[in-house]
Every structure is written in structure tokens, then in C-alpha cells.
Ligand SMILES: [Zn+2]
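Residue numbers (our numbering): 175 to 491.
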């Protein structure tokens, strides 16, 4: 509590604390007590427990300490992986050696290329994930149906892999390339089911809907890869678009006019990104001069390198 806070502040603080406490109590009644086995597992221990399967050939660990810890853990809980544990002592960092950075970049990108030349576009929103299957640019007219069928089959596998890789959960809408042939549709669904069978997470898959979409759900376990590794873009706040430098320039002019009506400084200074300042110096210089004349005050410009395109400040000097 800040010094000199009033009684009303104190009362509202207490009421807030009480509410929080009641909420926590309620939550604690809902959550079953944790089992001891799962407490305090490190990230690498959880990887051993959750991700290592028969298809895993080796687990390379570049820290001796961690290697010893994991060996000990494996002896008690996952003895089958002991022969797969390897202490990596090479010069090159493990991530470089196996191109992990590149894989992560790919796993965060919207587009996933298929060998056949087609590709997936994966869009993750708050409510759901949509995956759009596309053919490559070149589709031979004679084998049109065949190409589409093959692309969809390949896509079914790629989708199952991407769902695991990105750990996408919740509602997922699949938009395969349209297929007239009912047998082809059934085969693509069967392929999808087959590919999803490797998934340790619970999934449900619908039939093709009237619009030709396949709806599926995948149980949310941990956060998705994108949620773990990324944050909302500070420039566009997740919209995926930013206002153009020109739009910002006009916004600044209007804001400056508003401020000139309210305040009476010696001078106004515009702080903005390089692109916006460049506009004021070149194509929009006339507008700036006109505004300066109108308000009868000098307007100076300053590039703020840390600012993103939509960011600006008007300083009263
Ligand atoms: Zn953005």
C-alpha cells in the first residue's frame, strides 16, 4: 500500500484480496492433488517421458551433467531408452549439426511445401486452426484428378506431422483440394486416419462436410509451438498488417493539428520511424509546410530508430 492511501483504497484492496483468495480456494478444490512421480520433472526428463518412442534412434545430450541426470532418471522410469542416450562431445553445437534452427523456422511458418509440388497453408487463430491444401502451380490437364488425389494423400501425412510438430490443439479445419471421386475422398480420409494413428494425443476426425471440409479436434495438451516460442507482433498486434507510412504520416498531421488547438508551444517535434520521416521530407513535405504555416509554429522532424512503422510521438518544445 502506498503511503497516505485512503480508507476506501484499503477497503477495496481487502475486498480484492478476499476475492482472489476465495477464487484460489475454489480452484484448489477442483484440481486433484498432483502425484509425486510427476513433480519437479525437468524439461529433458519430460522429453524422455513424453516424446521418446520406438522410432527414436538416439538421444544426444551435449551437457555431461544432464546426460548423467537423464541416465539416472531413465534407469528408474524408462529403462528401454538407456542404450539410446548418448553424450555428445563434438565441436559443433547440436542445433547447428542437425539444422534445428531451420526446422523451427519452418515449423513456425505458414507454408509447408509438399514433395509433389503442392503445399499447405496453416493459419492459427485464437479460435481454431485452418489448413488449406493447394496444388503446385503446374497441373497437367490430362492427369488433373490424379494429381489432386496424390497431392491430397501426401497432404494427409504432412498435416498429421505438422499437428504433432506444432502441437496444434482444439478445432482444426482441413480444406483438401476438391475431389469429385468418392473413392478418392474415402482414400484420403483413410490415409489421414492412418497418419494420425501415430499421434499420442486424442484426435477426432469428421467426414467430408457438404462444403468439402474435414473438421477435426485434437486435445490441447501443452501450448502450441508458436505460443511457446513467439509473442504477438508489437507492430501489428497480431493483425498481420501495419498501416502504411503514408497513413501514419496523415495521422500525425491530424494529431498535430489537434494539439496545436489545445497547446501553445514554441515548436512541435515529430518523432517517427525512418520511412515516415522520409515521407515528410519528400512527397509529403508540402503538406507539412502547409500545416506549419496554418498553425504558425515551426515543426521539426526526428527519426527514432527504435520505433516501428505505426509508432510516433509529437513533442511540444
Ligand atoms: Zn506484425
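For each residue, glycine too, the CB sits at the ideal point set by N, CA and C.
The structure displayed is predicted, hence computed values, not measured ones.
Member of the options whose CA lies at the smallest distance from the CA of residue i
i	options	result
residue 388	333, 243 and 401	333
residue 447	457, 418, 429 and 466	418
residue 421	255, 457 and 399	457
residue 255	228, 274 and 269	228
residue 372	226, 222 and 220	226
residue 460	396, 242, 305 and 423	423
residue 402	274, 240 and 278	278
residue 232	214, 272 and 308	272
residue 327	338, 341 and 348	348
residue 296	289, 310 and 280	280
residue 235	263, 488 and 416	263
residue 434	341, 394 and 467	467
residue 306	274, 241, 293 and 425	293
residue 478	449, 274 and 462	449
residue 320	290, 339 and 300	290
residue 237	267, 484 and 248	267
residue 362	386, 310 and 239	386
residue 308	322, 248 and 246	322
For residue i, the residue or residues it bridges with in DSSP
i	result
residue 391	345 and 378
residue 302	345
residue 446	477 and 486
residue 293	287 and 308
residue 233	259
Assigned secondary structure, residue i (DSSP; H/G/I helix, E/B strand, else coil)
i	result
residue 254	helix
residue 358	helix
residue 240	helix
residue 364	helix
residue 424	helix
residue 226	coil
residue 260	strand
residue 208	Caution is warranted here: a pLDDT of 49 is assigned to residue 208, below 50, making its placement in the model unreliable, and no coordinate value can be reported.
residue 437	coil
residue 416	coil
residue 409	coil
residue 372	coil
residue 386	coil
residue 215	coil
residue 321	helix
residue 471	coil
residue 273	coil
residue 249	helix
residue 396	coil
residue 429	helix
residue 266	coil
residue 491	coil
residue 351	coil
residue 328	helix
residue 458	coil
residue 177	With a pLDDT of 44 at residue 177, under the threshold of 50, the modelled position of this residue cannot be trusted; read the value that follows with caution. Three-state result, residue 177: coil.
Under 8 Å between C-beta atoms of residue i and residue j
i	j	result
residue 508	residue 298	Since the displayed the chain opens at 175 and closes at 491, residue 508 lies outside it and no answer follows.
residue 475	residue 455	yes
residue 391	residue 345	yes
residue 370	residue 427	no
residue 223	residue 251	yes
residue 488	residue 431	no
residue 244	residue 218	yes
residue 330	residue 275	no
residue 341	residue 395	yes
residue 343	residue 383	no
residue 416	residue 357	no
residue 453	residue 486	no
>> Taking 8 Å as the cut-off, does the region 368-384 touch the region 408-417 (at least 3 CB pairs, one atom from each stretch)?
In response: Taking a cut-off of 8 Å on C-beta distances, the region 408-417 does not touch the region 368-384, as fewer than three cross pairs fall below it.
> Pairing CB atoms from the region 462-472 with CB atoms from the region 435-453, are three or more of them under 8 Å?
Replying inline: A contact between stretches requires three or more CB pairs, one per stretch, nearer than 8 Å, and the region 462-472 meets this requirement with the region 435-453.
>> Does the structure place the region 252-265 close enough to the region 277-294 that three or more beta carbon pairs sit under 8 Å?
In response: Three or more beta-carbon pairs separated by less than 8 Å are not found between the region 277-294 and the region 252-265, which leaves the two stretches without contact.
> What residues sit near ligand 2, counting only those whose C-beta is closer than 5 Å to one of its heavy atoms, in chain order?
Replying inline: For ligand 2, the structure offers nothing, since it holds only ligand 1.
> Taking one C-beta from the region 316-326 and one from the region 338-352 each time, how about it: are there three or more such pairs within less than 8 Å?
Replying inline: Contact between the region 316-326 and the region 338-352 is present: three or more C-beta pairs spanning the two stretches fall below 8 Å.
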